[in-house]
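Take the sequence shown: its letter number 68 is residue 68 in full-length UniProt numbering, and every next letter is one higher. Just so it is clear, CB atoms sit at the ideal spot from N, CA and C, and this is done for glycine as well. Some notes on the structure that comes next.
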Amino acid sequence: MKLMIIDDEALALAHLENMLHAASEHFSLPIEVSPFQLAEDALREAPAIKPDVVFLDIHMPGKSGLQTAIDMQEGLPQTDIVFVTAYDEYAVQAFDINAMDYILKPYTLERVVKTLERIVSRRVMASKKPAEAQGEMPFKQRIHSFRTIRFEKAGLEPELPKWRTSKAQELFSYLLHRRGEVVLKSTIMELLTPELEPKKATTQLYTVVYQIRQCLRQFGLDVTINNSSIQEGYVLNTGATIVASEEWEQRLEQLQMRSSETAAEAERLLEQYDGDYLEDHDYVWAENERERLRQVWLTHARRLAAYYMRESDWNAALTLYERIQSFEPYNEEEGLITLQLLERCNQHDKVGLHYRKLQEVFVDDLGISMPSVLEKWYANWRLNL
């Protein structure tokens, strides 16, 4: 394993190098250590060395350790950062930069061993991903967002992430909602903690971002939240991870309703819509996307229902129209079609029930008269019983 140390104090540099060699013996881990006193020298040599981990002092003259870490990660995003410093007030900022660990001086051998243990554990987990090198199909990771955020990997059932706080859950949802964009820290603080003064809001933001990154690491999800130093914000990148709602919409758009096979695929995709976008949460910012995806479902449900009507598959058409009505109960034309299909499918006991449900919608909820087309049809149906 290749390690790099950056510390402007020569004694501290030598001390940590000795500590790392001693700690590596606990794991029988061969290491190569490259020490630097100047951050500029380390950044220049890093592309050739390609360190796995950089141990970096935060408080240095000239370029700070925090800025050095940002520059290092921009050039070598797979390199882990471990901060070493005598100043604990930098801890929050360190984790904002996605540091893997943070060691306070004076450090002990036990503490350095613990850090190496974390590094080894993380590297081993990363190597266990289904390897393309073995010629196998890599598993797909997905993020689901109907109802609430769920993570899926290796073809297993989607799981609820173990969020530390509700703010971590909302911030991840919001960054996913705006994936690929730089979201300003000021925007996030106004969203999450408008009641806090700027300094406290910033501290809480760094803590929440750290909690999200820890959650993503624990699940092994290939999603990153990067710090944009230029625009003072964060950007979430999904990498190879699939956003399930995006995939779902694309597959629906590609379907042509021309055969029983494509109808069956459309049915399967429509059934995947098991709730509105983030419907379990009262996120005002999600409303537009929630309504847009609902309309996507309705558009394709209506197309499939029209196909079933052309094919005289009345039961399949009825099932869809009943669900369409649950989404948009105020559509009198679809209300009439549903009544007609109930009659055609000999579900006479449900005709009256559905008519009374429509009455509740128009008369009780909207405060208007029952549409005449529905009244006339229902009156004729009762006469012919």
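With DSSP collapsed to three states, give me the class of residue 12. Per DSSP, reduced to three states, the secondary structure at residue 12 is helical.
As assigned by DSSP and simplified to three states, the class of residue 373: For residue 373, the three-state secondary structure derived from DSSP is helix.
Quick check: the Cα distance between residue 263 and residue 211, rounded to an integer number of angstroms? Answer to the nearest angstrom: the Cα atoms are 43 angstroms apart.
Indicate whether the contact test is met: 3 or more Cβ pairs, each with one atom in the region 277-292 and one in the region 306-314, closer than 8 angstroms. No contact exists between the region 277-292 and the region 306-314.
Here's the rule I'm using: 16 or more other beta-carbon atoms within 10 Å means buried, otherwise exposed. How should residue 310 be labelled? Counting every other CB atom within 10 Å of its CB across the protein chains shown gives residue 310 a total below 16, marking it as exposed.
Relative to the C-alpha of residue 204, which candidate in 298, 213, 192 and 51 has its C-alpha closest? Ranking the options by Cα distance to residue 204, first place goes to 192.
So, is residue 201 buried or exposed, given that buried needs 16 or more other C-beta atoms within 10 angstroms? Residue 201 should be labelled buried.
Start and end of the beta strand (DSSP E) containing residue 2? Segment 2-6, the beta strand (DSSP E) holding residue 2.
What number of angstroms, rounded off, separates the C-alpha of residue 363 from the C-alpha of residue 370? Within the model, the alpha-carbon separation for residue 363 versus residue 370 is close to 6 angstroms.
Would residue 11 and residue 5 qualify as a contact pair, given that the criterion is a beta-carbon distance under 8 angstroms? Taking 8 angstroms as the Cβ cut-off, residue 11 and residue 5 do not qualify as a contacting pair.
Could you check whether the region 145-162 touches the region 251-260, counting it as contact only if at least three pairs of C-beta atoms, one from each stretch, sit closer than 8 angstroms? No contact exists between the region 145-162 and the region 251-260.
Taking Cβ positions only, does residue 383 come closer than 8 angstroms to chain D? This model lacks chain D altogether, as it is built from one protein chain only.
Are the beta-carbon atoms belonging to residue 68 and residue 43 less than 8 angstroms from one another? Contact: yes.
Own chain, CB closer than 7 angstroms to residue 327, minus 5 neighbours either side, in chain order: Excluding positions up to five away in sequence, the list reads 294 and 298.
Report back the beta-carbon spacing between residue 389 and residue 31 to the nearest angstrom; my notes put them in contact at under 8 angstroms. Because the chain is modelled from 1 through 385, residue 389 falls outside the range shown and cannot be assessed.
6 angstroms CB neighbourhood of residue 378 in its chain, flanking five on each side removed: If we look at residue 378 and ignore the five residues flanking it on each side, its Cβ neighbours are 355.
Return the chain-ordered list of same chain residues with a C-beta closer than 7 angstroms to the C-beta of residue 384, the five sequence neighbours on each side being excluded. The answer is none, since no qualifying residue turns up.
Residues sharing a beta bridge with residue 51, DSSP: Answer is none; residue 51 lacks a bridge partner.
Please go through the same chain and pick out, in chain order, the residues whose beta-carbon is closer than 7 angstroms to the beta-carbon of residue 373, but skip the five residues on each side of it. Excluding sequence positions up to five before and after residue 373, its CB lies within less than 7 angstroms of the CB of 332 and 336, all in the same chain and listed in chain order.
Indicate the three-state DSSP secondary structure (helix, strand or coil) for residue 198 in the structure shown. In the three-state scheme derived from DSSP, where H, G and I count as helix and E and B as strand, residue 198 is classed as helix.
Could you check what DSSP says for residue 188 in three-state terms: helix, strand or coil? DSSP places residue 188 in the helix class (H, G or I) of the three-state scheme.
Taking a contact to mean a Cβ-Cβ separation below 8 angstroms, would you say residue 171 touches residue 188 in this structure? By the CB criterion at 8 angstroms, residue 171 and residue 188 fall inside the cutoff.
Drop a sphere of 10 angstroms on the beta-carbon of residue 108, count the other beta-carbons inside from all chains shown, and report buried for 16 or more, exposed for fewer. Around the beta carbon of residue 108, a 10 Å sphere encloses fewer than 16 other beta carbons of the protein chains shown; the residue is thus reported as exposed.
Determine, using beta carbons only, whether residue 318 and residue 341 come nearer to each other than 8 angstroms. For residue 318 and residue 341, yes; Cβs fall inside 8 angstroms.
Residue range of the beta strand (DSSP E) that residue 228 falls in? It spans 224-228 - the beta strand (DSSP E) in which residue 228 sits, taken as one unbroken run.
Can you give me the C-alpha to C-alpha distance between residue 130 and residue 156, rounded to a whole angstrom? Since pLDDT at residue 130 reaches only 46, below the 50 mark, its modelled position is unreliable, and the value read off the structure follows with that caveat. Approximately 14 angstroms, taken between the alpha carbons.
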